[in-house]
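Residues in the sequence shown are numbered from 11 upward in steps of one, following full-length UniProt numbering.
Heads up: the structure comes next, in structure tokens.
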Amino acid sequence: TETAPGAVHVPDWLAPERQRELLDACREWARPPAGLRTVRTPGGGTMTARQVCLGRHWYPYGYAPTAVDGDGAPVKPFPAWLDGLARRAVTDALGPDALSPAPYDIALINFYDADARMGMHRDADERSDAPVVSLSLGDTCVFRFGNPETRTRPYTDTELRSGDLFVFGGPSRLAYHGVPRVHPGTAPPELGLAGRLNITLRASGL
Ligand code: MD3
Ligand code: FE
Numbered sequence: 011t012e013t014a015p016g017a018v019h020v021p022d023w024l025a026p027e028r029q030r031e032l033l034d035a036c037r038e039w040a041r042p043p044a045g046l047r048t049v050r051t052p053g054g055g056t057m058t059a060r061q062v063c064l065g066r067h068w069y070p071y072g073y074a075p076t077a078v079d080g081d082g083a084p085v086k087p088f089p090a091w092l093d094g095l096a097r098r099a100v101t102d103a104l105g106p107d108a109l110s111p112a113p114y115d116i117a118l119i120n121f122y123d124a125d126a127r128m129g130m131h132r133d134a135d136e137r138s139d140a141p142v143v144s145l146s147l148g149d150t151c152v153f154r155f156g157n158p159e160t161r162t163r164p165y166t167d168t169e170l171r172s173g174d175l176f177v178f179g180g181p182s183r184l185a186y187h188g189v190p191r192v193h194p195g196t197a198p199p200e201l202g203l204a205g206r207l208n209i210t211l212r213a214s215g216l
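Take a look at the structure:
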């Protein structure tokens, strides 16, 4: 269903076995070196969601080929199968015309515990206008979608559940968005995950 122009939510896009495979891959990527890290903001704060990057290191606010916080190790490679997954996601949600020529080459994986949040922000560090692909695993969260001009209301709040796909293209690509809360204990029990994971797939355009 289309939440805003170019923003399409596909509940249950990932079958339970695919969720399990993606979670296992995320657990591997979270291991050191260049594993799960706490992101420090330029103002001296820390983000409550912890993060793993593939392909390029993201620091607030830009991309670098090596880690500039965490343990300083080079980031893990972005596997080709994630580009395939991103292209299938864009095609299913927006149609083949929405595919950009730029390959998907960056993944940012956010790990939320029960108290983690993400404030309203825009994702403007990519040079390509390829749609951003978001996949959710584990606990349900409240996802807040704003508008491209300001950080403030009006908002649309949607619940994102384990297995859901959200694709952000067109006018929604630069809209403000955030995660005001996670509902602890709502993950599918068979997944064996306490908390929430969000995998975003992006094309850097570099
Ligand atoms: C809209 N992640 O990684 S998912 C992010 O749940 C991010 O971890 C949140 O915001 C999370 O930047 C929200 C939905 C989402 C992801 C990426 C977007 C919405 C987006 C990029 C552009 C526009
Ligand atoms: Fe974002």
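Even glycine gets a Cβ: it sits at the ideal position worked out from N, Cα and C.
Practice task
Determine, using beta-carbon pairs with one atom in the stretch 182-189 and one in the stretch 11-21, whether at least three such pairs fall under 8 Å.
Solution key: yes
Handout entry: 6 Å Cβ shell around residue 119 - same chain, five flanking residues per side excluded
Key = Along the sequence shown, read from residue 1 onward, the residue named residue 119 stands at position 109. Cβ within range, chain order: 36, 62 and 209.
Practice task
Name the residue from 133, 138, 44 and 122 whose alpha carbon lies nearest to the alpha carbon of residue 197.
Solution key: Sequence index remark: in the sequence shown, residue 197 carries index 187 (1-based). Residue 122 is the option with its Cα nearest to residue 197.
Exercise for the section: Could you tell me whether any non-hydrogen atom of the ligand FE is closer than 7 Å to the CB of residue 133? Expected result: The residue given as residue 133 occupies position 123 in the sequence shown. Correct: residue 133 has its Cβ closer than 7 Å to the ligand FE.
Handout entry: For residue 100, the three-state DSSP class (helix, strand or coil)
Key = On the sequence shown, position 90 is the one that residue 100 refers to. It is helical.
Practice task
Quick one: give me the first and last residue of the alpha helix (DSSP H) that residue 27 is part of.
Solution key: By 1-based counting over the sequence shown, the position of residue 27 is 17. From DSSP, the alpha helix (DSSP H) with residue 27 extends over 26-39.
Problem - Cutoff 6 Å; reference residue 21; Cβ partners in own chain excluding five residues on either side - result: Residue 21 sits at position 11 when you count from the first residue of the sequence shown. Cβ neighbours of residue 21 beyond the five flanking positions: 174.
Exercise for the section: Could you spell out the range, first to last residue, of the beta strand (DSSP E) harbouring residue 13? Expected result: Working through the sequence shown from its first residue, we reach residue 13 at position 3. Segment 12-14, the beta strand (DSSP E) holding residue 13.
Handout entry: residue 128 versus residue 33: straight-line alpha-carbon distance, rounded
Key = In the sequence shown, the residue the question calls residue 128 occupies position 118. In the sequence shown, the residue the question calls residue 33 occupies position 23. When rounded, the distance between both Cα atoms is 21 Å.
Exercise for the section: May I have a chain-ordered list of the alpha helix (DSSP H) segments no shorter than 4 residues that lie completely inside the stretch 37-85? Expected result: none
Practice task
With a threshold of 16 other CB atoms inside 10 Å of the CB of residue 91, please say whether the residue is buried or exposed.
Solution key: Counting from 1 along the sequence shown, the entry for residue 91 is found at position 81. Per the 10 Å Cβ criterion, exposed.
Handout entry: Enclosing beta strand (DSSP E) for residue 210 [first to last residue]
Key = Within the sequence shown, the letter at position 200 stands for residue 210. From DSSP, the beta strand (DSSP E) with residue 210 extends over 206-212.
Handout entry: Nearest to residue 115 (by Cα), restricted to the options 104, 108 and 137
Key = Here the question's residue 115 lines up with position 105 in the sequence shown. The residue with the shortest Cα to Cα distance from residue 115 is 137.
Practice task
Would you be able to state if there are at least three C-beta pairs under 8 Å between the stretch 199-215 and the stretch 146-156?
Solution key: yes
Exercise for the section: Confirm the yes/no value for this check: CB of residue 187, any heavy atom of the ligand FE, distance under 7 Å. Expected result: Here residue 187 corresponds to residue number 177 of the sequence shown, with the count starting at 1. Checking every heavy atom of the ligand FE against the Cβ of residue 187, one is found closer than 7 Å.
Exercise for the section: For residue 112, name the three-state secondary structure that DSSP assigns. Expected result: For this step, residue 112 is matched to residue 102 along the sequence shown. The answer is coil: DSSP assigns residue 112 none of H, G, I, E or B.
Problem - Test item: CB-CB of residue 71 and residue 135 under 8 Å - result: Within the sequence shown, the letter at position 61 stands for residue 71. Within the sequence shown, the letter at position 125 stands for residue 135. Yes. Within cutoff.
Practice task
Please look up how many angstroms separate the CB atoms of residue 47 and residue 80, rounded, as I've assumed it's under 8 Å.
Solution key: One-based indexing of the sequence shown puts residue 47 at position 37. One-based indexing of the sequence shown puts residue 80 at position 70. Right, the Cβ-Cβ distance comes to about 3 Å (below 8 Å), so this counts as a contact.
Problem - Distance CB(residue 29)-CB(residue 214) smaller than 8 Å - result: Translated into positions along the sequence shown, residue 29 becomes position 19. Translated into positions along the sequence shown, residue 214 becomes position 204. No. Outside cutoff.
Problem - Euclidean distance between Cα positions of residue 165 and residue 55 - result: For the purposes of this step, residue 165 is taken as residue 155 along the sequence shown, with counting starting at 1. For the purposes of this step, residue 55 is taken as residue 45 along the sequence shown, with counting starting at 1. Cα to Cα, residue 165 sits roughly 25 Å from residue 55.
Practice task
May I have the straight-line CA-CA distance separating residue 130 from residue 124, to the nearest angstrom?
Solution key: Along the sequence shown, read from residue 1 onward, the residue named residue 130 stands at position 120. Along the sequence shown, read from residue 1 onward, the residue named residue 124 stands at position 114. Approximately 18 Å between the Cα atoms of the pair.
Practice task
Compare the C-alpha of residue 143 against each of 202, 199 and 110 and name the closest.
Solution key: As a working mapping, residue 143 is identified with position 133 in the sequence shown. When each option's Cα is compared against that of residue 143, the closest is 110.
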